[in-house]
Amino acid sequence: MLVKDWMTKGVMNLGPDATVIDAAQILRSKNIRQMPVIDAGGRVVGIVSDRDVRDAMPSKYLPGDAAAAGAGLATLRVNEIMTPDPYTVSPDAAMESAAEMPVMSPMIPMS
């Protein structure tokens, strides 16, 4: 069985210079949780998730002018918040080999 038999085709994607506001709007309007970031050469250079976008948003609980706090989002780019260099495989790769790829785990503090 090949990856191309299981993968989602025609996924939404962004360029690395798209704004975080653009990413938030697409994620919300399409009801998706993450999307690949593709460079001008068509290579996957990162992945941006709804969590990345949420973490970049100013908190409504912090004091100060909310409009001014959100102004930085107009210039914040996806390449500044994305997870860079995600694992990728060819569509013609066997599902077994894709399933055996290492999974990144959260860092566990040493005591």
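Each residue of the sequence shown is one higher than the one before, starting from 232 at the first, in our numbering. Glycine included, every Cβ here is placed at the ideal spot set by N, Cα and C. These numbers come from a predicted model, not from an experiment.
| Asked | Found |
| --- | --- |
| Reduced DSSP category for LEU258 - H, G, I as helix; E, B as strand; rest coil | helix |
| From ALA330, PRO322, ASN310, residue whose alpha carbon lies closest to that of VAL234 | PRO322 |
| Beta-carbon spacing of PRO317, GLY272 below 8 Å | no |
| Counted within 10 angstroms of its Cβ, other Cβ atoms place SER336 as buried (16 or more) or exposed | In this prediction, SER336 has a pLDDT of 49, which is less than 50 and means its spatial position is unreliable; what the coordinates show is noted afterwards. Flag for SER336 reads exposed. |
| Own chain residues within Cβ distance below 7 Å of MET243, not counting five before or after | ILE257, LYS261, ILE263, MET266 |
| Nearest-angstrom Cα separation, counted from ALA255 out to ASP286 | 11 Å |
| VAL268 to GLU327 span [Cα, whole Å] | 25 Å |
| First and last residue of the uninterrupted beta strand (DSSP E) at VAL320 | Looking at the DSSP string, VAL320 is not in any beta strand (DSSP E), and its letter there is neither H nor E. |
| Nonlocal neighbours in the same chain, by C-beta distance under 7 Å from LYS240, ignoring five residues either side | none |
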